[in-house]
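Before any comments, here is the structure.
In the working numbering, the protein residues as written are 380 to 609.
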């Protein structure tokens, strides 16, 4: 006979917790957006703010990786007595890069969440227009905003995807240098330094493209905000 008192499986419990967590998260975001709107900050403003902050984060991350690239270039030319100092600088640079990349990832998730809410609200409010021309224009702007949003998120995700392999290679070099603080170790790493330099350069280029996409997306949302009231 089946045991009706048998507790649910771990998988079922995890799924239930995930559903509850997702539901509560959406509820909390709804309350948060309502609170912001009550003081005159609409979802569009929040999206623009998050995108602008993400751009700042990308610029800061780019700067950290540019500094790291310069440190890699100087590292291959130092004498043995200066290696310990160079290691400390490089390790500190690695920690900075990790922190900045984590902040960028968090900002991307925030943009995705608030943009989803914005587009749902925008779509629903189209039916409230009495002026057909304004409604048609707003609908077209929504379409353009969605297209720019998709390009922006894909660009951000591509940049994000490039960060982790570079950080992993960066960490390998820092660890190897830590364990082999001598001129022979530097000579052995010379080729790897060149490779990671190329990776960082490509990452910086991806970040610059993402910032350009973000500017286009913000411009579309700002134009929509400036439309005459219905």
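Using N, Cα and C, we set each Cβ at its ideal position, and we do this for glycine too.
*asked:* I believe residue 427 touches residue 520 by the beta-carbon criterion, under 8 Å. Please report the beta-carbon distance rounded to the nearest angstrom.
replied: As a working note, residue 427 is residue 48 in the chain shown. As a working note, residue 520 is residue 141 in the chain shown. Between residue 520 and residue 427 the Cβ distance is about 14 Å, and since that is not below 8 Å, they are no contact.
_To the nearest angstrom, how far is the alpha carbon of residue 552 from that of residue 434?_
For this step, residue 552 is matched to residue 173 along the chain shown. For this step, residue 434 is matched to residue 55 along the chain shown. Between the alpha carbons of residue 552 and residue 434 lies a gap of roughly 28 Å.
_Alpha carbon of residue 537 to alpha carbon of residue 558, nearest angstrom_ = Here residue 537 refers to the residue found at position 158 of the chain shown. Here residue 558 refers to the residue found at position 179 of the chain shown. Each residue's CA atom was taken as its position, placing residue 537 and residue 558 some 33 Å apart.
*On the premise that residue 593 lies in contact with residue 430, defined as a C-beta separation below 8 Å, what is that separation, rounded to the nearest angstrom?*
On the chain shown, residue 430 is found 51 positions in, with the first residue counted as 1. On the chain shown, residue 593 is found 214 positions in, with the first residue counted as 1. About 5 Å separates the Cβ atoms of residue 430 and residue 593, confirming a contact at the 8 Å cut-off.
*Which residue's Cα is closest to the Cα of residue 488: 438, 531, 554 and 584?*
Reading the chain shown from its first residue, position 109 is the one you call residue 488. Closest by alpha carbon: 531.
*Helix, strand or coil for residue 362 per DSSP?*
Outside the shown range of the chain, which is 380 to 609, sits residue 362, and nothing can be said about it.
*Alpha carbon to alpha carbon, how far is residue 518 from residue 512?*
Here residue 518 refers to the residue found at position 139 when the chain shown is read from its first residue. Here residue 512 refers to the residue found at position 133 when the chain shown is read from its first residue. Rounded to whole angstroms, residue 518 and residue 512 show a C-alpha spacing of 10 Å.
*Hey, residue 480 and residue 542: beta-carbon distance below 9 Å or not?*
As a first step, residue 480 must be located in the chain shown, where it is residue number 101. As a first step, residue 542 must be located in the chain shown, where it is residue number 163. In this structure, residue 542 lies closer than 9 Å to residue 480 by Cβ.
*Alpha carbon to alpha carbon, what distance is there between residue 424 and residue 523?*
Working through the chain shown from its first residue, we reach residue 523 at position 144. Working through the chain shown from its first residue, we reach residue 424 at position 45. If I take the Cα positions, the gap works out to 17 Å.
*Pick out whichever of 477, 436 and 556 has its Cα sitting closest to the Cα of residue 466.*
Within the chain shown, the letter at position 87 stands for residue 466. Answer by Cα proximity: 556.
*For residue 549 versus residue 482, is the C-beta distance shorter than 9 Å?*
Residue mapping note: residue 549 aligns to position 170 of the chain shown, counting from 1. Residue mapping note: residue 482 aligns to position 103 of the chain shown, counting from 1. In this structure, residue 482 does not lie closer than 9 Å to residue 549 by Cβ.
_Whole angstroms are fine: how far does the CA of residue 507 sit from the CA of residue 493?_
As a working note, residue 493 is residue 114 in the chain shown. As a working note, residue 507 is residue 128 in the chain shown. Going by the C-alpha atoms only, they are around 22 Å apart.
*Do you know how far the Cα of residue 469 is from the Cα of residue 595?*
The residue labelled residue 595 in the question sits at position 216 within the chain shown. The residue labelled residue 469 in the question sits at position 90 within the chain shown. Approximately 35 Å, taken between the alpha carbons.
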